[in-house]
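Read the structure below first, then the notes.
Listed below in structure tokens is the structure:
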């Protein structure tokens, strides 16, 4: 009997040892790993950011975790981040295969595409098309200004009342990217756009929660009818909507006279002359969905964060308005070039982006070959997680790393400066596609609204809660806002009282 129990115990120990994930030689350190589960019990699956920071303090700027049986390396701090995603960019620019998000999207489009020819050509095409978007008669600035007029109308009807700005800013960002992609804006109650928005809300909710983590960790549950299956259905719904749009545009387009991004892509498809090419209708649909979600959530959440802070720092809001009045005297509306004469406004916008940390873990990377990072050996195919908060709030990189203060972006002369550690869109070849559009939107929308309105925190709203809601993109908790029209005033110097 004793021998039988001993043999059973030895068998169990052997199985556990076989199941236990082991760190390769010279792999970054990290917490102890459990069989099957890896380090899941070390993380709050609803919001792991505090756990990432705790482990950062314990194990240093480069440490490892196991998501189930799969190893991942978490990068912290400017020095390690630069080495990985800038200096050794080609080694660290892959995308993990067989993860929840990559399987939902089937890696179509440009954001989750493998680091190779398809990704390179689509990224180049998308950047060129966005940059040159003087398509037809309207420039990108005109499109943004047109949409801001709808935001102004919403605010004008709310003068003296309390409103919630969440839907207003989301709709503005959504319609700007829709004009770029599809050449039209949608009324805020349009069923098509409401369906896409709702589908993406549900996808991101699942992707941010425990079900996605369990999907990545326990492969045996993937075919079960569990809540993560809804994400696959929702993504398919969005694909079908865009496919229908593409088919409608194909009927009315004039080759060589593009009206929007889809027409540009269809022109590119025709250049192939039916021969095999890296461009395809499937890639078009995936790229449209990539650009839509990237161009909507990040901008709308940054705008929400901006006005939350400006209402609760009225002296900063007032100084922005003094600068706007001074620079825009006699002009009906701002242009993007005006940013060069508004150092304080520039500093405020960048400080909002820094403090909001809208995409806290960026999009996960993976290594494309065996490589090294900060002296550690990282095998091919290892998942790479960027903890951007560790850079955006790194001690020694910022004057005021843990508080909202535009002085982080101003030198002693009051001139705008951008520290190297400013990377809210990540950095390197995989940095956010929509950075240029987002910068233009944030400047033009904020300056236009601050020129016309004063934004006030309602007296009976209590203390503001600046704690964001965790997600693929971070968003402020819903909050109230009061709006007043600004009285006409002469421009005054920024140092006047």
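In my numbering, the protein residues as written are 12 to 508.
Glycine residues also receive a C-beta, built at the ideal position from the N, C-alpha and C atoms.
Quick caveat, the model's predicted, so the values are computed rather than measured.
Checking 7 Å against the spacing of the C-beta atoms, do residue i and residue j come in under that value?
| i | j | result |
| --- | --- | --- |
| residue 256 | residue 466 | no |
| residue 452 | residue 310 | yes |
| residue 375 | residue 82 | no |
| residue 85 | residue 218 | no |
| residue 475 | residue 315 | no |
| residue 417 | residue 358 | yes |
| residue 8 | residue 103 | Residue 8 cannot be examined here, being either before or after the span of the chain that is shown, 12 to 508. |
| residue 62 | residue 54 | yes |
| residue 197 | residue 204 | yes |
To which residues of the same chain is residue i closer than 6 Å at the C-beta, ignoring the five residues directly before and after it?
| i | result |
| --- | --- |
| residue 87 | 67, 72, 398, 401 |
| residue 403 | 365, 368 |
| residue 356 | 331, 334 |
| residue 110 | 227 |
| residue 388 | 37 |
| residue 126 | 104, 105, 379 |
| residue 248 | 210 |
| residue 498 | none |
| residue 280 | 290 |
| residue 410 | 418, 419 |
| residue 312 | 369, 484, 486 |
| residue 381 | 390, 391 |
| residue 250 | 296 |
Got a sec? Which residues, its chain only, sit under 7 Å from residue i by beta carbon, not counting five neighbours each side?
| i | result |
| --- | --- |
| residue 271 | 146, 191, 192, 193, 194 |
| residue 489 | 175, 177 |
| residue 11 | Past the boundaries of the shown model lies residue 11; the chain is included only from 12 to 508, so the question cannot be answered. |
| residue 233 | 226 |
| residue 241 | 213, 217 |
| residue 412 | 404, 405, 406 |
| residue 385 | 72, 73, 91, 94 |
| residue 188 | 302, 303, 306, 307 |
Is DSSP giving residue i helix, strand or coil here?
| i | result |
| --- | --- |
| residue 437 | strand |
| residue 443 | coil |
| residue 38 | coil |
| residue 495 | strand |
| residue 81 | strand |
| residue 466 | strand |
| residue 482 | coil |
| residue 169 | coil |
| residue 229 | coil |
| residue 367 | helix |
| residue 297 | helix |
| residue 105 | strand |
| residue 267 | coil |
| residue 174 | strand |
| residue 197 | coil |
| residue 66 | helix |
| residue 217 | helix |
| residue 122 | coil |
| residue 490 | coil |
| residue 49 | strand |
| residue 360 | helix |
| residue 73 | strand |
Write down the C-beta distance between residue i and residue j rounded to the nearest angstrom, noting that I regard them as a contact closer than 8 Å.
| i | j | result |
| --- | --- | --- |
| residue 297 | residue 119 | 3 Å |
| residue 100 | residue 392 | No, residue 100 and residue 392 are not in contact; Cβ-Cβ is about 17 Å, not under 8 Å. |
| residue 378 | residue 181 | That belief does not hold up - the Cβ atoms of residue 378 and residue 181 are roughly 36 Å apart, past 8 Å. |
| residue 455 | residue 347 | 6 Å |
| residue 183 | residue 162 | 5 Å |
| residue 273 | residue 260 | 5 Å |
| residue 485 | residue 371 | 6 Å |
| residue 50 | residue 481 | Not quite, the Cβ-Cβ distance comes to about 18 Å (not below 8 Å), so this is no contact. |
| residue 75 | residue 40 | 7 Å |
| residue 496 | residue 463 | 7 Å |
| residue 223 | residue 243 | In fact, because the Cβ distance is near 12 Å, the residues do not count as touching under 8 Å. |
Excluding five sequence neighbours on each side, which residues of the same chain lie with their C-beta closer than 8 Å to the C-beta of residue i?
| i | result |
| --- | --- |
| residue 48 | 79, 228 |
Comparing the C-beta of residue i with each C-beta of chain E, is any distance below 7 Å?
| i | result |
| --- | --- |
| residue 155 | Going by chain labels, chain E is absent from the structure shown, which holds only one protein chain. |
(message) What ranges does the beta strand (DSSP E) occupy inside the region 372-446, keeping only unbroken runs of at least 3 residues that lie completely in it?
(response) Runs of the beta strand (DSSP E) inside the region 372-446: 382-384, 387-389, 394-397.
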